[in-house]
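Visitor: Got a structure here, written out as structure tokens. Questions coming.
2 protein chains.
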Amino acid sequence: MNDRKNNTTGLPVPTIRRLPLYLSFLKSNKNKKRAFISAPEIARELHIDSTQITKDFSFINVSGKTKVGYKTSDIIKIIEKFLGYHEPKKAFLVGLGNLGMALIKYNAFSKEGLKITIAFDIDTEKAGIEINNIKVFNINEFEENFSKAPVEIGIITVPSDHAQKVADLMIKCGIKAIWNFSATPISVPDNIIVENTSIDSGLAMITWKLNKNKPLIYKNRIL
Amino acid sequence: MNDRKNNTTGLPVPTIRRLPLYLSFLKSNKNKKRAFISAPEIARELHIDSTQITKDFSFINVSGKTKVGYKTSDIIKIIEKFLGYHEPKKAFLVGLGNLGMALIKYNAFSKEGLKITIAFDIDTEKAGIEINNIKVFNINEFEENFSKAPVEIGIITVPSDHAQKVADLMIKCGIKAIWNFSATPISVPDNIIVENTSIDSGLAMITWKLNKNKPLIYKNRIL
DNA sequence: TAGATTGTTAATCGATTAACAATC
DNA sequence: TAGATTGTTAATCGATTAACAATC
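Okay, structure coming up:
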């Protein structure tokens, strides 16, 4: 939410968020075997303005050939480099509920430069098991494990009411970035990076769009 | 991505995305038992500008008392009404991988007005099972099930390469809105609502923020 | 060449933030 | 009252889109 003021580089936040989109499209079957692709072609598929694509590419120094387009492998290589796919970052995940489980089983992360090394849960029953080569410990062993093998990123997939507590623990240990999947935003010092990924905002948008055409009456006034 | 041009009502898209945030905070333990809360107080917790909060509230006709703040129960009631929490919308989910499983087990949806009625998978082994009271069918039984008990929303949690095919099927059957969790954006006719929720954009932001301070050199130029 | 596309600069648009009057 | 807060209007800021020159 607070992205704007942290952006000292002049690279627009929405551009960064679009990069994985381009990457995924260029690597998908929809595009396989195309050596070159033009911005208008991508625009047609992704429903993004073609000058915006050109602009995004120029931000990250992808350059193309007039009349021909961009070399697909170039775009892929540069975006992957930009997103650090080849420099694995380690993470601890806390909260082995449904979402936490899904994330530690999500193999795509390894290709995307994210390596979840250990998972934690408050449930002592879960301690000791191993999923997808990721060992599970009780949350009270967090600090000990962190000092043995520190990580940069902490992933929070606990229920909202416990998210802040977990964040505090992570920060105390020295984690640099927190990826918070709980519905409640967490408070952190200025030097800590936070990214909130809550699916609720997606649901809110869908509901909103669905209702847009059947106007909502509220307090005798059309909203 | 294309939200802007679809927004005919003058209510900013970021406002809609913030509503679940406010709701979650106001219902969380951080705030329990407070009858009134002021915008500056919420601002401090959520790290959002307080005038933005005031503005968001005025958009959805939440009004407060000078010097006192807003009545917590009012905000909650109005946001819930706005987000349609009390008008359940039905959905089919396609793709019972890790994420799909997590979503059908995610009980919070029922409180948020989303009811996944049936799930589908391409794997015939999964057909017949029942998870969280949601019956699982093979994907080739989609059409039949839809005509028996139609739904407004289709949720796609299949791998990227199959997302478009599933979307086409949903649209053919008459689904109005598609919530696409795959990494590749899908193409749909103008009258169909799409919301893309890809966790990759969150990861991209984290990577970006982590690397911002150690400047990336690319092509002899600082990016 | 004619036409398509890149890539940059300028204009527009929308969201956030600042300023401030009204109010309790 | 003095001070805090709402709520609106204006200014700013950033992102998108339009325009167009350059190029192949």
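Order-wise, the sequence lines are chains Z and G. Counting with this note's numbering, you get residues 1 to 223 for the letters of the first sequence. Counting with this note's numbering, you get residues 1001 to 1223 for the letters of the second sequence. Yeah, the Cβ is synthetic: ideal placement off N, Cα and C, and Gly gets one too.
1. Tell me which residues share the same chain as glycine 113(Z) and place their Cβ nearer than 8 Å to its Cβ, disregarding the 5 neighbours each side in the sequence.
2. Mind checking if alanine 1102(G) is an interface residue toward chain Z, Cβ cutoff 7 Å exclusive?
3. Terminal residues of the continuous alpha helix (DSSP H) containing valine 13(Z)?
4. Output needed in chain order: residues of the region 115-134 of chain Z with a Cβ under 8 Å from some Cβ in chain G.
5. Interface residues of chain G around glycine 113(Z) at Cβ under 9 Å?
6. Any beta carbon from chain Z within less than 7 Å of asparagine 1031(G)'s own beta carbon?
7. Mind checking which residues open and close the alpha helix (DSSP H) that includes glycine 1202(G)?
8. Compare the C-beta of isoleucine 217(Z) with all C-beta atoms of chain G and state if any pair is closer than 7 Å.
9. Which residues, in chain order, does the region 1138-1171 of chain G contribute to contact with chain Z at a C-beta distance below 8 Å?
10. Using DSSP with H/G/I as helix, E/B as strand and the rest coil, what is glycine 64(Z)?
11. Is the Cβ of glutamate 80(Z) closer than 7 Å to any Cβ of chain G?
12. Restricting to Cα atoms, I'd like to know which of Asn1140(G), Pro1012(G) and Ile1118(G) is closest to threonine 1124(G).
13. Can you pull the chain Z neighbours of alanine 1177(G), defined as C-beta to C-beta under 8 Å?
14. Using a C-beta cutoff of 7 Å, does tyrosine 106(Z) count as contacting chain G?
15. Give the interface partners of arginine 17(Z) over in chain G, defined as CB-CB distance under 7 Å, in chain order.
16. Listing by chain order, which chain G residues have their CB less than 9 Å from the CB of proline 185(Z)?
17. Ignore the nearest five residues each way along the sequence and tell me which others in aspartate 1200(G)'s own chain have a CB closer than 7 Å to its CB.
18. For aspartate 168(Z), name the three-state secondary structure that DSSP assigns.
19. Taking just the CA atoms, how far does arginine 1018(G) sit from asparagine 1029(G)?
20. Based on the DSSP secondary-structure assignment, which residues constitute the bridge partners of isoleucine 1037(G)?
21. Cβ closer than 9 Å: which chain G residues qualify as neighbours of lysine 89(Z)?
22. When burial is assigned at 16 or more other CB atoms within 10 Å of the CB, is valine 1068(G) buried or exposed?
23. Once you ignore the five residues that flank asparagine 1224(G) on each side, which residues in its own chain have a CB closer than 6 Å to its CB?
24. Confirm, please, whether the CB-CB distance from isoleucine 1016(G) to tryptophan 208(Z) is below 7 Å.
25. Taking 7 Å as the CB-CB cut-off, is proline 12(Z) touching chain G?
26. Check whether the region 1049-1063 of chain G and the region 1108-1122 of chain G are in contact - that is, three or more C-beta pairs closer than 8 Å.
27. Spatial neighbours of arginine 221(Z) within its chain, please: CB distance less than 8 Å, with the 5 preceding and 5 following residues excluded, ordered by chain position.
28. Which of the three DSSP states is assigned to phenylalanine 1181(G) in this structure?
29. Ignore the nearest five residues each way along the sequence and tell me which others in isoleucine 192(Z)'s own chain have a CB closer than 8 Å to its CB.
30. From the DSSP output, which residues share a beta bridge with alanine 102(Z)?
31. Could you check whether the Cβ of serine 58(Z) sits closer than 7 Å to any Cβ belonging to chain G?
32. In the DSSP assignment, what are the bridge partners of glycine 154(Z)?
33. Would the beta-carbon of phenylalanine 142(Z) fall within 7 Å of that of alanine 127(Z)?
34. Rounded to whole angstroms, what's the CA-CA distance from glutamate 1080(G) to aspartate 1074(G)? Just pull it up for me.
35. Name the residue from Met205(Z), Ala167(Z), Asn196(Z) and Ile134(Z) whose alpha carbon lies nearest to the alpha carbon of proline 189(Z).
36. At which residues does the alpha helix (DSSP H) containing lysine 55(Z) begin and terminate?
Guide: According to the structure shown:
1. Leu83, Gly84, Tyr85, His86, Glu87, Pro88 and Lys89, listed in sequence order.
2. Yes, alanine 1102(G) lies at the interface with chain Z (some Cβ there is under 7 Å from its Cβ).
3. Looking at the DSSP string, the run of the alpha helix (DSSP H) that includes valine 13(Z) is 13-27.
4. From the region 115-134 of chain Z, no residue has a Cβ closer than 8 Å to chain G.
5. Within chain G, Leu1203 and Thr1207 have C-beta atoms less than 9 Å from the C-beta of glycine 113(Z), given in sequence order.
6. Not one chain Z Cβ lies under 7 Å of asparagine 1031(G).
7. 1199-1212 is the span of the alpha helix (DSSP H), which, as asked, contains glycine 1202(G).
8. Confidence in isoleucine 217(Z) is poor, its pLDDT being 47 and thus under 50, which makes the residue's placement too unreliable to answer from.
9. Going along the region 1138-1171 of chain G in chain order, one finds Glu1152, Ile1153, Ser1160, Asp1161 and Gln1164 with a Cβ nearer than 8 Å to chain Z.
10. Glycine 64(Z) falls in the coil class under three-state DSSP.
11. No, glutamate 80(Z) lies away from the interface with chain G (no Cβ there is under 7 Å from its Cβ).
12. It is Asn1140(G) whose Cα lies nearest to the Cα of threonine 1124(G).
13. Here the neighbours are Ile206, Lys209 and Leu210.
14. Chain G, which has a Cβ nearer than 7 Å to the Cβ of tyrosine 106(Z), makes this yes.
15. Here the neighbours are Ser1201, Ala1204 and Met1205.
16. For proline 185(Z), the chain G residues whose Cβ falls inside 9 Å of its Cβ are Leu1021, Ser1024, Phe1025, Glu1045, Leu1046, His1047 and Ile1048, in order along the chain.
17. Closer than 7 Å at the Cβ level, and outside the excluded window around aspartate 1200(G), lie Ala1183.
18. The answer is helix: DSSP assigns aspartate 168(Z) an H, G or I state.
19. When only Cα atoms are considered, asparagine 1029(G) and arginine 1018(G) end up about 19 Å apart.
20. Partner residues in the beta bridge of isoleucine 1037(G), as assigned by DSSP, are Tyr1070(G).
21. Simply Ile1206, Thr1207 and Leu1210.
22. Label assigned to valine 1068(G): exposed.
23. Residue coverage of chain G in this structure runs from 1001 to 1223, which leaves residue 1224(G) outside it and unanswerable.
24. Yes; because the gap between Cβ atoms is below 7 Å, this pair is in contact.
25. Under the Cβ distance rule, proline 12(Z) does not count among the residues neighbouring chain G, no pair being separated by less than 7 Å.
26. Result no; under three Cβ-Cβ pairs closer than 8 Å.
27. In this predicted model, arginine 221(Z) has a pLDDT of only 42, less than 50, meaning its place in the structure is not dependable; the value taken from the coordinates is given anyway. Here the set comprises nothing.
28. Note: phenylalanine 1181(G) maps to coil in three-state DSSP.
29. Cβ neighbours of isoleucine 192(Z) beyond the five flanking positions: Ile171, Ile175, Lys176, Ala177 and Ile178.
30. In the DSSP secondary-structure assignment, alanine 102(Z) is not bridged to any residue.
31. No, its Cβ sits nowhere closer than 7 Å to a Cβ of chain G.
32. Partner(s): Phe92(Z) and Ile178(Z).
33. Not closer than 7 Å, so no.
34. For glutamate 1080(G) and aspartate 1074(G), the distance between alpha carbons rounds to 10 Å.
35. Closest by alpha carbon: Ala167(Z).
36. Per DSSP, the continuous alpha helix (DSSP H) segment holding lysine 55(Z) begins and ends at 50-59.
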